[in-house]
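Participant:
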Amino acid sequence: GVSQQLQQGGSEPVDSVSRAASAIDIRADEATNALIISAEPDAMQSLKEVIAQLDIRRAQVLVEAVIAEISSDKLAELGIQWLIDGSGDGSVVGYTNFDSASFNGLSVSELASAIVNETVPSSLGSGLNLALGSTSSSVRFAALISALASDANTNVLSTPTIVTLDNEEAEIIIGQNVPFVTGTFTTSVDGGDGVGNPFQTIERQDVGLTLRVKPQINEGNAIQLDINQEVSSVVPTATSLAQGPTTNKRSLKTNVLVEDGQVLVLGGLIDDQFDETIQKVPGLGDIPVIGGLFRYRQASKTKRNLMIFLHPVILRNALDGDERSADKYSYIRDQQHRERQQGIALLPEVQTPLLKTPEQVQQDRSVLPLSTTTPEPAPAVVPEPPAATPPAPSGFSRK
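Residue 1 is where the sequence shown starts when you use this note's numbering, and the numbers rise one by one after that.
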């Protein structure tokens with residue numbers, strides 16, 4: 001709160017105080033969070049009443065965000081590629097080449113080259129690959145039948161939590177600092193005729209979860225929240241790209257009004273996408289039944305459900321903060337205790353870290369005691385002489 005150093009008008013005035021009867025001198029000392037006031041008794045009393053109304057405990061707001069994302073990706077492909085060698089010397093005179101088949105990692109030309117040279121293909125395709133062909137007759141041919149089906153499911157739940165004072169902005173960042181290539185340059189040598197030294201400029205950016213919030217408590221229990229939330233991740237790739245990594249990004253920026261303890265949905269996305277690609281040989285691919293020998297089909301379906309929720313709680317006093325802190329403390333300790341009971345299979349002699357018990361926290365002077373329940377008023381008793389030693393400090397209370 002605001003500390004007050006009040007100098008009554010009848011006391012010895014400071015040098016900067018005007019000697020006029022109605023003079024008022026107010027100075028602020030930020031180092032001690034104090035007000036130095038010099039005024040007449042009547043004015044001093046009025047100032048004290050104003051200060052008493054302003055010198056109150058500021059409330060805090062605990063903001064818990066819930067980010068739930070469920071996605072499903074399904075992929076299926078089926079097709080046949082042909083290659084014919086009519087010269088007998090291994091040179092290709094006709095073949096089919098489908099772009100969709102290249103995703104499978106193995107083409108019929110690579111297969112034919114491996115057959116002629118009696119080697120293993122440099123790349124093996126995913127899924128089921130059946131090779132058919134003949135190299136003994138004058139007309140050589142090869143066929144590659146590819147079939148692939150994949151199913152990927154993702155379920156992500158993130159619950160960032162942050163506490164801040166009323167009307168104060170707070171930010172939490174959980175993620176990685178990933179380098180991104182912003183430019184490529186080459187410096188010339190020997191007057192511009194020699195080979196240069198290439199170099200790249202790198203800029204690092206935060207990739208992960210970012211929550212920035214500024215609460216403002218209004219009349220009653222309403223809370224106005226200015227929210228900026230972002231979830232980003234690096235797309236995993238088999239090989240690193242020269243231009244840098246690709247990221248997924250989900251960002252939300254809004255200003256809402258919510259009641260204390262209310263759960264409000266801020267926004268979301270429901271996406272259902274279906275793609276199908278058919279590549280075929282003109283004419284032959286349209287023939288019933290046998291046309292399937294000259295086609296390559298690929299189909300994919302992506303479904304994504306994303307929802308963002310918000311749960312703010314006003315902490316008006318120390319007891320409210322203790323209760324919320326104790327809940328989080330107990331939760332994380334229970335998780336650690338469960339992990340310790342399961343143990344580490346490869347390191348049975350190693351014990352995982354475990355937070356202190358509430359009783360240990362109560363005895364440790366370096367950790368503030370927490371309380372999980374509201375203390376009940378003590379019954380009226382006959383006053384007793386003061387105890388020789390002070391009572392033990394209050395701390396956790398088990399549920």
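Here a beta-carbon is modelled for each residue, glycine too, at the ideal position from N, C-alpha and C.
The structure presented is a predicted model; accordingly, all values stated were derived computationally and were not measured.
Are there 16 or more other CB atoms within 10 angstroms of the CB of residue 61, so buried, or fewer, so exposed?
Facilitator: Counted from its first residue, the sequence shown places residue 61 at position 61. That one is buried.
Participant: Under the rule that 16 or more other beta-carbon atoms within 10 Å means buried, what is residue 358, buried or exposed?
Facilitator: Here residue 358 refers to the residue found at position 358 when the sequence shown is read from its first residue. Buried: at least 16 other Cβ atoms inside 10 Å.
Participant: Would the beta-carbon of residue 338 be found less than 8 Å away from any heavy atom of the ligand NAD?
Facilitator: The ligand NAD is not part of this structure, which contains no ligands at all.
Participant: Check this for me: beta carbons of residue 229 and residue 214, under 9 Å apart or not?
Facilitator: Residue 229 sits at position 229 when you count from the first residue of the sequence shown. Residue 214 sits at position 214 when you count from the first residue of the sequence shown. For residue 229 and residue 214, no; Cβs fall outside 9 Å.
Participant: Can you list, in chain order, the residues of its chain whose CB lies under 6 Å from that of residue 320, leaving out five sequence neighbours each side?
Facilitator: What you label residue 320 is simply residue 320 of the sequence shown in a count that begins at 1. Same-chain partners within the cutoff: there are none.
Participant: Terminal residues of the continuous beta strand (DSSP E) containing residue 322?
Facilitator: Residue mapping note: residue 322 aligns to position 322 of the sequence shown, counting from 1. From DSSP, residue 322 is part of no beta strand (DSSP E) but of the alpha helix (DSSP H) over 318-342.
Participant: Run the CB neighbour count on residue 140, radius 10 Å, all protein chains shown included, and call it buried at 16 or more, exposed below.
Facilitator: Within the sequence shown, the letter at position 140 stands for residue 140. It is buried - the Cβ of residue 140 has at least 16 other Cβ atoms within 10 Å.
Participant: For a quick check, are the C-beta atoms of residue 74 and residue 152 less than 9 Å apart?
Facilitator: Looking up residue 74 in the sequence shown gives position 74. Looking up residue 152 in the sequence shown gives position 152. Yes; because the gap between Cβ atoms is below 9 Å, this pair is in contact.
Participant: Near residue 227, which residues of its chain fall below 6 Å by C-beta distance, leaving aside the five closest residues on each side in sequence?
Facilitator: As a working mapping, residue 227 is identified with position 227 in the sequence shown. So the list reads 213, 254, once near-sequence residues are dropped.
Participant: Considering only their Cβ atoms, is the gap separating residue 63 from residue 162 smaller than 9 Å?
Facilitator: Residue 162 sits at position 162 when you count from the first residue of the sequence shown. Residue 63 sits at position 63 when you count from the first residue of the sequence shown. Yes. Within cutoff.
Participant: Three or more beta-carbon pairs under 8 Å between the region 295-303 and the region 264-284, yes or no?
Facilitator: Segments in contact, yes.
Participant: Is residue 356 helix, strand or coil by DSSP?
Facilitator: If you number the sequence shown from 1, residue 356 lands on position 356. Correct three-state label for residue 356: coil.
Participant: Let me know if residue 328 comes out buried or exposed under the rule of 16 or more other beta-carbons within 10 Å of its beta-carbon.
Facilitator: In the sequence shown, counting from the first residue as 1, residue 328 sits at position 328. By the neighbour-count rule (16 or more Cβ atoms within 10 Å), residue 328 is not buried but exposed.
Participant: Taking residue 53 as part of the alpha helix (DSSP H), name the residues at either end of that continuous run.
Facilitator: Residue 53 sits at position 53 when you count from the first residue of the sequence shown. First-last of the alpha helix (DSSP H) with residue 53: 41-54.
Participant: Where does residue 363 fall in DSSP's three states?
Facilitator: Residue 363 sits at position 363 when you count from the first residue of the sequence shown. Looking at residue 363 - three-state DSSP - the assignment turns out to be helix.
Participant: Rounding to the nearest angstrom, what Cα-Cα distance links residue 180 and residue 303 in this structure?
Facilitator: In the sequence shown, the residue the question calls residue 180 occupies position 180. In the sequence shown, the residue the question calls residue 303 occupies position 303. C-alpha separation (whole angstroms): 29 Å.
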